[in-house]
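Peer 1: Each protein sequence line maps, in turn, to chains A and B.
If you use my numbering, the first sequence corresponds to residues 405 to 904, in order.
If you use my numbering, the second sequence corresponds to residues 121 to 408, in order.
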Amino acid sequence: MCARTPAKKTTRAARPAPELIFGDLWTFDPAPETADPRLQPRYNLYIGGKFVAPRSGKYFETINPANEKSLAEIALADASDVDVAFEAASRAFPAWSRLPGAERGKYLYRIARLLQDRAREFAVAETLDGGKPIKESRDFDVPMAAAHFFYHAGWADKLAYAFPGTQAVTPHGVVGQVIPWNFPLLMLAWKLAPALATGNTVVLKPAETTSITAMKFAEILDEAGLPPGVVNLVTGAGETGAAVVAHPLAAKVAFTGSTEVGKKIMRATAGTSKKLTLELGGKAANILFEDAPLDQAVEGVVNGIFFNQGHVCCAGSRLLVQEGIADAVLAKLKNRLKVLRVGDPLDKNTDVGAINSREQLEKIRRLVAVGVKEGAELYQPPCTLPTEGYYFRPTLFSRVQQSHRVAREEIFGPVLSILTFRTVDEAIEKANNTSFGLSAGVWTDKGSRILKMSTELKAGVVWANTYNKFDPASPFGGYKESGFGREGGRHGLADYVKLS
Amino acid sequence: MARLLITKTPKVYIGGAFVRSESGRTFPLKSDSGEFVGHIPQCTRKDLRNAVEASAKAGPAWSRRTPYNRGQILYRLAEMIEARSLELANALDLGKGDSSDSRREVSGAVDRLIYYAGWADKYEQVLGCVNPVSAPYFNFTVTEPMGVIGLLAPAEAPLLALLSLLAPVIVSGNTAIALASESHPYPAILLGEMLATSDLPGGVVNLLTGFRKEMVPTFATHRHLRGVGGVANAEERKTIRLGAADSVKRVKLEAVEEKRDWFADNAQSLYAIRDWVEFKTIWHPIGA
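Now the structure itself:
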């Protein structure tokens, strides 16, 4: 049926896209956010309610990816530090899990409020350490992190309602959590809030390149008077993370990061009774039908891939556009890219900030080179990049084939691969032709088609006529190699409890 | 002269057909008293792969059946079992001296199917939800079947445990390949015949008999199996999680040591259905 329907002709393809060229006509004055991030020169580990030096005495530098300058020294936790952290969490567990839910909830409410109090300070720290535009850390990361604590606080005394028909809802014990560098504070909130609301205690490892807001968050835990040992933060790189995952006291392991590391963690926990949830990579299809409101769709596509420099596991990194409007959409996208402001993350006008690390920048460069070599057509706007720091031009690849690596591998950068389709069935086939299944987007004016597409797309989150929307009440997580388990909503609680 | 009985050739049920193992191998099944019963197919990993293929083909159509229809088909399977309960009880007796449990196990299996048949058009209402997001979007979460699921049945309760594992998997639209009890495979052979007459489309449930050590590694690594469940010993559980990591497969295994009571009330649960569904959240703008 669908396969026989010819693509509907629209007049829009013929109309030239209006071009905004004000980028060349005048320059923006700098508009830096100036709030004091209140950084310390050195951050220790947070174990058993105290800031303690690592046993090895070793520290590593964390830098600002916008200018490659050092921001602070971060403690390097080794296996013995991780062990002490788990002991502390284990000691704290009996009292914390027996605390009436309403009381546990109050701690979470306090945390939410304290984070709101210091929101701007945290936003600046997040931008300095991670490179994301201040408007994103200010308007998205920090308020959303607070919202997660506020949301989960209310669940703490209502867990029986989340799991009807069960006799008891009990926490696992000590949970080991490892989080990524793309949303450092927000991922910490996604992990801690449900774990604490359900009565678990935690050992959490922030990402190596973005530990600052996690350690600042320890100050908030301190201010909130959270009992010692309920949350323990150990900083370091892969080895520290491996020690967290492998620790025998970890009853459950929760990980957000790459599919590659997720698989390693799955293997590392084989042969144990540890519960596991994984939130891994993605290669989401953002599907644009001919009847979609094009200007809004183009905004959504741009937000879908350039939000947070594309360092988003659910980024809409594959644009599937219906053939009849492909040229028009590409023209509109190019025009939009020309006016994206790439540069100083602290500048309030910046749209695309710094790439998180040199390593990530090199990975993006490598994959983009592969895209060119494999025959995709590259477009990058002629913007000037800062001379220092890690930056990458917003990038479009058109004429991409499904077999191209830029259509199959997660790039985790500001790179959009554009493919075309003719029919609904072809769109579904191409969208699902991936080993990932985290998210997808659909742009169409037709309600029944949205429901058809959202039914057929193998992805844990489907955005219709919008993209990259998040909410503490909305479950998030993937199908297939994008992991298992959900975060947020009633469903996110399930992964932190045992039912009987 | 007494008439010579026509004995039945045991065959496994794969893709809606009754087949011997592709390997041509069998192993002899004897009753408690040592009497020869028949040659049971000794299935191989190739049989498992064939079953996965059949299962994957059957999946989309099965998951598109209406919940009401899936419920009725599970109910129909219960009818088929009830009607042949004596034969099944006799089959269960083969491996053990005490026959009192066998009747109980058959009726338990029938009741278990009825329990899950009733969930078919209700679990979505309990597991899914509308989410109150703080923005103008209609946001809802629905369940969706995972796909093809591999199941390892325990040695004991060869009918009841097998059906207790299968029913919550298929009720939501998944398809399954189950490896029957290694020590008491005969009830699974009979179950195949009942599945074939239950209106359940071929390929939705596939039953293999044979040796776990030959097939568990393939259950672990087959990329088209989206999940592996059932009961396994420590070594098998490790093998399966290691293999499952390659395709981030869902693993929900119980330990043999837990010695689960398959007759107990808590051997059936909505949360057993939940184990084998994915959750999908859809955001839809609210606007004119």
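Here a beta-carbon is modelled for each residue, glycine too, at the ideal position from N, C-alpha and C.
Are there three or more Cβ pairs, one per stretch, closer than 8 Å when the segment 371-386 of chain B is compared with the segment 320-333 of chain B?
Peer 2: no
Peer 1: If we ignore side chains and look at the alpha-carbon of each, how far apart do ALA407(A) and GLY714(A) end up?
Peer 2: Since pLDDT at ALA407(A) reaches only 47, below the 50 mark, its modelled position is unreliable, and no value is offered.
Peer 1: With DSSP run on the structure shown, which of helix, strand or coil describes ARG332(B)?
Peer 2: Note: ARG332(B) maps to helix in three-state DSSP.
Peer 1: In or out: PRO575(A) buried (at least 16 other Cβ within 10 Å) or exposed?
Peer 2: buried
Peer 1: Quick check on LYS679(A): does DSSP put it in helix, strand or coil?
Peer 2: In the structure shown, LYS679(A) adopts extended strand secondary structure according to DSSP, grouped into three states.
Peer 1: Considering just the uninterrupted stretch of the beta strand (DSSP E) at PRO148(B), what are its terminal residues?
Peer 2: 146-150
Peer 1: What is the DSSP secondary structure of VAL725(A), counted as helix, strand or coil?
Peer 2: Assigned with DSSP and collapsed to three states, VAL725(A) falls in strand.
Peer 1: Does any residue of chain B have a CB that is nearer than 8 Å to the CB of MET405(A)?
Peer 2: Because the pLDDT of MET405(A) is 39, which lies under 50, any placement of that residue in the model is unreliable, and the number read from its coordinates should be weighed accordingly. Taking 8 Å as the threshold, the shortest C-beta distance from MET405(A) to chain B does not fall below it.
Peer 1: Going along the segment 280-310 of chain B in order, which residues come within less than 8 Å of chain A, judged by CB to CB distance?
Peer 2: none
Peer 1: Pull up the distance between the alpha-carbon of SER303(B) and that of VAL371(B), whole angstroms please.
Peer 2: 24 Å
Peer 1: Just how far apart, CA to CA, sit ALA361(A) and SER807(A)?
Peer 2: Since the first residue of chain A shown is 405 and the last is 904, residue 361(A) is not available in this structure.
Peer 1: Going by the C-beta, is GLY704(A) closer than 7 Å to any heavy atom of the ligand NAP?
Peer 2: Ligands are entirely absent from the displayed structure, and the ligand NAP is therefore not among its contents.
Peer 1: Going along the chain, which residues of its own chain have a beta-carbon closer than 7 Å to the beta-carbon of LYS850(A), five neighbours each way excluded?
Peer 2: Excluding sequence neighbours, LYS850(A) sits near ASP695.
Peer 1: In this structure, does DSSP put LYS128(B) in helix, strand or coil?
Peer 2: LYS128(B): coil per DSSP, three-state reduction.
Peer 1: Which residues of chain A have a Cβ atom closer than 7 Å to the Cβ of SER367(B), listed in chain order?
Peer 2: The contacting residues are GLU885.
Peer 1: Report the residue from THR848(A), ASN837(A), LEU512(A) and ARG495(A) whose alpha carbon sits nearest the alpha carbon of TYR601(A).
Peer 2: In the sequence as presented, Tyr is not what sits at residue 601(A); that position holds Ala. It is LEU512(A).
Peer 1: Whole angstroms is fine: what's the gap from GLY577(A)'s alpha carbon to ALA877(A)'s?
Peer 2: Their Cα atoms are separated by approximately 24 Å.
Peer 1: Please state if the CB of PRO307(B) and the CB of LEU208(B) are separated by a distance shorter than 8 Å.
Peer 2: yes
Peer 1: Grouping DSSP H, G and I as helix and E and B as strand, with all else coil, what is ARG502(A)?
Peer 2: helix
Peer 1: Relative to the C-alpha of ASN636(A), which candidate in ALA599(A), LYS668(A), THR660(A) and ALA672(A) has its C-alpha closest?
Peer 2: ALA599(A)
Peer 1: Give me, in chain order, the residues of the same chain whose beta-carbon lies closer than 7 Å to that of THR617(A); leave out the 5 immediate sequence neighbours on both sides.
Peer 2: PHE526, ALA529, GLU530, ASP533, PRO588 and LEU589
Peer 1: Here's the rule: buried if 16 or more other CB atoms are within 10 angstroms of the residue's CB, otherwise exposed. What is THR415(A)?
Peer 2: Low per-residue confidence applies at THR415(A): pLDDT is 49, beneath 50, and the placement is therefore not dependable enough to give any value.
Peer 1: If ASN471(A) and GLY793(A) are in contact, beta carbons under 8 Å, what's the gap, nearest whole angstrom?
Peer 2: Yes, they are in contact, since the Cβ atoms of ASN471(A) and GLY793(A) sit about 5 Å apart, within 8 Å.
Peer 1: Terminal residues of the continuous beta strand (DSSP E) containing SER227(B)?
Peer 2: It is not in any beta strand (DSSP E) - SER227(B) instead sits in the alpha helix (DSSP H) that spans 220-239.
Peer 1: Does the beta carbon of SER878(A) sit closer than 8 Å to a beta carbon anywhere in chain B?
Peer 2: yes
Peer 1: Within the segment 284-352 of chain B, note down every full alpha helix (DSSP H) run reaching 4 residues or more, in order along the chain.
Peer 2: 306-316 and 332-341
Peer 1: Considering Cα atoms alone, identify which of ALA174(B), GLY191(B) and ARG232(B) is closest to GLU202(B).
Peer 2: ARG232(B)
Peer 1: Would you report the Cα separation of VAL486(A) and VAL634(A), rounded to the nearest angstrom?
Peer 2: When only Cα atoms are considered, VAL486(A) and VAL634(A) end up about 14 Å apart.
Peer 1: Distance, Cα to Cα, GLY775(A) vs LYS834(A)?
Peer 2: 18 Å
Peer 1: Using beta carbons (cut-off 8 Å, strictly below), is SER541(A) in contact with chain B?
Peer 2: Cβ-Cβ to chain B under 8 Å: no for SER541(A).
Peer 1: Return helix, strand or coil for CYS406(A), following the three-state DSSP convention.
Peer 2: At CYS406(A) the pLDDT is 45, less than 50, meaning the model places this residue with poor confidence and gives no usable figure here.
Peer 1: The alpha helix (DSSP H) spanning PHE553(A) covers which residue range?
Peer 2: 546-559
Peer 1: Would ASN690(A) and LEU724(A) be called neighbours here (beta carbons separated by less than 8 Å)?
Peer 2: Their beta carbons are under 8 Å apart, which means ASN690(A) touches LEU724(A) by this criterion.
Peer 1: Compare the beta carbon distance of ALA758(A) and GLY535(A) with 8 Å and say whether it is the shorter of the two.
Peer 2: Yes. Within cutoff.
Peer 1: What residue ranges within the segment 788-873 of chain A form continuous beta strand (DSSP E) runs of no fewer than 3 residues, ordered along the chain?
Peer 2: The qualifying runs are 799-802, 819-825, 843-847 and 865-868.
Peer 1: Would you say GLY558(A) reaches chain B, if we count a Cβ-Cβ gap shorter than 8 Å as a contact?
Peer 2: Taking Cβ atoms only, chain B never reaches closer than 8 Å to GLY558(A), which makes this a no.
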